[in-house]
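Undergrad:
Here it is in structure tokens:
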């Protein structure tokens, strides 16, 4: 077996935030040095010893042209390339392969495949990239179905869902004391980028419809273009709606510890999709029942009526009913939370995800 290691070439990596950056960084961490990473010069501040910054872009079009040279230069130094962006990194890896570059494995997250399909020229390029890849990995069964629907059933995909890393949470009492939250309040938590598909408008409407007598607080942690719209929508709510911006991972963990339920009623939006939803697993890891919208890959993250509820993310009344079922039944809340945490730890270990990728890489050598 070759002693060469695979390399991940990506333009989405910490300090960037979001599901893709989290997926990739956690996968690299779980490899324990088994894969190297190449990022653009804009990420040069990353101090991880496995990460190297290279000039992947230039000023003139096509801006990604330097990626081809980087891919070709890796031919004798790596076993293969892991590509997490079908365009443009996949394009560069494909062209490099034509001229003797390494084989490459393509990882798709859902929205990237949809965006590539929207434009005829990009669609044509994406089809060639898919044919040129030695293996195609998707982050959920739903993403796999979308890829095959858009680009043809002949595209063979392998599903490797995101994982979750175990972490220690402070007690609910301690977290609430730090965050200045009333111990008697029922805290509904959403951690999300503030964009339309996350269904946060539906969640706010659902909370506004809860009985005024209940001591409920909705906390939305995240940033995004919909913030002003959501703040306006929250006006007049009988329950406090609190927005928390620019939260660190440590701050998010405190909110997870302080909450009673995690809710992200994702909904289907044209040309936009939720590939999986790592944060749903993080809610489960914190021992919270999770309410998720029936869209994208969320049904693979939440087991309906066992670890939480799957609801129509466009129906505020359905979301409110799920919240009321938990609000009025602490025992159900506890049992769902325990089941979710147990499942997250047993079925979504990052080390198992790395082994699945390693199996793919080894078969290419």
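In this note's numbering, the protein residues as written are 678 to 1042.
We put the CB at the ideal spot given by N, CA and C, even for glycine.
Given the structure is predicted, the values throughout are model-derived calculations rather than measurements.
(1) What residues are listed by DSSP as bridge partners for residue 941?
(2) Is the CB-CB distance between residue 955 and residue 873 below 7 Å?
(3) Distance check for residue 688 and residue 1039, CA to CA, integer angstroms please.
(4) Check whether the region 989-1001 touches the region 862-882, taking contact to mean three or more Cβ pairs, one atom from each stretch, closer than 8 Å.
(5) By the three-class DSSP mapping on this structure, what secondary structure does residue 759 have?
(6) Let's test the definition: count the other Cβ atoms within 10 Å of the Cβ of residue 1019 and tell me whether it reaches 16, buried, or not, exposed.
(7) For the alpha helix (DSSP H) containing residue 1081, name the first residue and the last one.
(8) Between the region 972-980 and the region 859-873, do at least 3 Cβ pairs fall closer than 8 Å?
(9) Taking three-plus beta-carbon pairs below 8 Å as touching, is the region 904-916 in contact with the region 745-753?
(10) Can you tell which of 942, 935 and 902 has the C-alpha that lies nearest to the C-alpha of residue 854?
(11) I'd like to confirm the pairing. Which residues does DSSP put opposite residue 949 in its beta bridges?
(12) Whose CA, out of 883, 685, 843 and 1013, lies closest to the CA of residue 1026?
(13) Comparing C-alpha positions only, which one of 691, 717, 825 and 695 sits nearest to residue 705?
(14) How many Å lie between residue 678 and residue 1000 at the Cα?
(15) Where DSSP assigns a beta bridge to residue 988, which residues make up the other side?
(16) Name the residue from 792, 810, 801 and 805 whose alpha carbon lies nearest to the alpha carbon of residue 820.
(17) Assign residue 816 to one of two classes, buried (16 or more other C-beta atoms within 10 Å of its C-beta) or exposed (fewer than that).
(18) Spatial neighbours of residue 777 within its chain, please: CB distance less than 8 Å, with the 5 preceding and 5 following residues excluded, ordered by chain position.
(19) State the beta-bridge partners of residue 863 as determined by DSSP.
(20) Between residue 708 and residue 1031, how many whole angstroms is the CB-CB distance? I'm expecting something under 8 Å.
(21) May I ask you to report which of helix, strand or coil DSSP gives residue 678?
(22) In whole angstroms, what separates the C-alpha of residue 948 from that of residue 822?
(23) Measuring CA to CA, which of 924, 700, 890 and 717 is closest to residue 899?
(24) If we require 4 or more residues per run, which alpha helix (DSSP H) segments fall completely within the region 795-845?
(25) In three-state terms, what does DSSP make of residue 1037?
(26) Report the three-state DSSP secondary structure of residue 919 (helix, strand or coil).
(27) Considering Cα atoms alone, identify which of 1023, 1004, 985 and 995 is closest to residue 1014.
(28) Residue 835: which of 857, 786 and 851 sits nearest, CA to CA?
(29) Thinking just about the alpha-carbon of each residue, which of 846, 847 and 803 is nearest to the one in residue 829?
(30) If I follow the unbroken alpha helix (DSSP H) through residue 1007, where does it start and stop?
(31) How is residue 747 classed by DSSP in three states: helix, strand or coil?
(32) Compute the Euclidean distance between the alpha carbons of residue 712 and residue 718, then round it to the nearest angstrom.
(33) What did DSSP end up calling residue 688 once you bin it into helix, strand or coil?
(34) In this structure, what does DSSP give as the bridge partners for residue 782?
TA: Working from what's here:
(1) Here residue 941 corresponds to residue number 264 of the chain shown, with the count starting at 1. Paired residues: 969.
(2) Sequence index remark: in the chain shown, residue 955 carries index 278 (1-based). Sequence index remark: in the chain shown, residue 873 carries index 196 (1-based). No, these two residues do not count as a Cβ contact at 7 Å.
(3) For the purposes of this step, residue 1039 is taken as residue 362 along the chain shown, with counting starting at 1. For the purposes of this step, residue 688 is taken as residue 11 along the chain shown, with counting starting at 1. Cα to Cα, the separation comes out at about 25 Å.
(4) yes
(5) Numbered from 1 along the chain shown, position 82 holds the residue referred to as residue 759. Residue 759: strand per DSSP, three-state reduction.
(6) Translated into positions along the chain shown, residue 1019 becomes position 342. Under this definition residue 1019 is an exposed residue.
(7) No answer is possible for residue 1081: it lies beyond the span of the chain, which begins at 678 and ends at 1042.
(8) no
(9) no
(10) Stepping through the chain shown from its first residue, residue 854 is reached at position 177. The candidate whose alpha carbon is nearest that of residue 854 is 935.
(11) What you label residue 949 is simply residue 272 of the chain shown in a count that begins at 1. In DSSP, residue 949 forms a bridge with 946.
(12) By 1-based counting over the chain shown, the position of residue 1026 is 349. That would be 843, whose Cα lies nearest to the Cα of residue 1026.
(13) Taking the chain shown and counting its residues from 1, the one referred to as residue 705 is at position 28. Measuring from the Cα of residue 705, the nearest candidate turns out to be 691.
(14) Position 1 of the chain shown holds residue 678. Position 323 of the chain shown holds residue 1000. With a pLDDT of only 47 at residue 678, under 50, the local geometry of the prediction cannot be trusted, and no value is derived from it.
(15) On the chain shown, position 311 is the one that residue 988 refers to. Residue 988 pairs with 970.
(16) Within the chain shown, numbered from 1, the residue matching residue 820 stands at position 143. Cα-wise, what sits closest to residue 820 is 792.
(17) Indexing the chain shown from 1 puts residue 816 at position 139. Buried, by the Cβ-count rule.
(18) Translated into the one-based positions of the chain shown, residue 777 becomes position 100. Excluding residues within five positions, the ones whose Cβ falls inside 8 Å are 749 and 752.
(19) Counted from its first residue, the chain shown places residue 863 at position 186. According to the DSSP secondary-structure assignment, residue 863 is paired through a beta bridge with 893.
(20) Within the chain shown, numbered from 1, the residue matching residue 708 stands at position 31. Within the chain shown, numbered from 1, the residue matching residue 1031 stands at position 354. Indeed they touch by this definition, with Cβ atoms about 5 Å apart.
(21) Working through the chain shown from its first residue, we reach residue 678 at position 1. Note that residue 678 has pLDDT 47, beneath the 50 cutoff, so the model's placement of it is unreliable and the number below is only indicative. Reduced to three states, the DSSP call for residue 678 is coil.
(22) For the purposes of this step, residue 948 is taken as residue 271 along the chain shown, with counting starting at 1. For the purposes of this step, residue 822 is taken as residue 145 along the chain shown, with counting starting at 1. Cα to Cα, the separation comes out at about 15 Å.
(23) Taking the first residue of the chain shown as 1, we reach residue 899 at position 222. Taking only the C-alpha atoms, the option nearest residue 899 is 924.
(24) 797-809 and 818-828
(25) Indexing the chain shown from 1 puts residue 1037 at position 360. DSSP places residue 1037 in helix when its eight states are reduced to three.
(26) In the chain shown, residue 919 corresponds to position 242, counting from 1. Reduced to three states, the DSSP call for residue 919 is strand.
(27) Residue mapping note: residue 1014 aligns to position 337 of the chain shown, counting from 1. Answer by Cα proximity: 985.
(28) Locating residue 835 in the chain shown gives position 158, where the first residue counts as 1. Of 857, 786 and 851, the residue nearest in Cα terms is 786.
(29) The sequence position of residue 829 within the chain shown is 152, counting from 1. Ranking the options by Cα distance to residue 829, first place goes to 803.
(30) For the purposes of this step, residue 1007 is taken as the residue at position 330 of the chain shown. Note, residue 1007: alpha helix (DSSP H), 1007-1024.
(31) Counted from its first residue, the chain shown places residue 747 at position 70. In this structure, residue 747 counts as helix in the three-state DSSP scheme.
(32) Indexing the chain shown from 1 puts residue 712 at position 35. Indexing the chain shown from 1 puts residue 718 at position 41. Cα-Cα distance, rounded: 19 Å.
(33) Locating residue 688 in the chain shown gives position 11, where the first residue counts as 1. In the structure shown, residue 688 sits in coil (DSSP, three-state: anything other than H, G, I, E or B).
(34) Position 105 of the chain shown, counted from the start, is the residue given in the question as residue 782. Answer is 759 and 812, bridged to residue 782.
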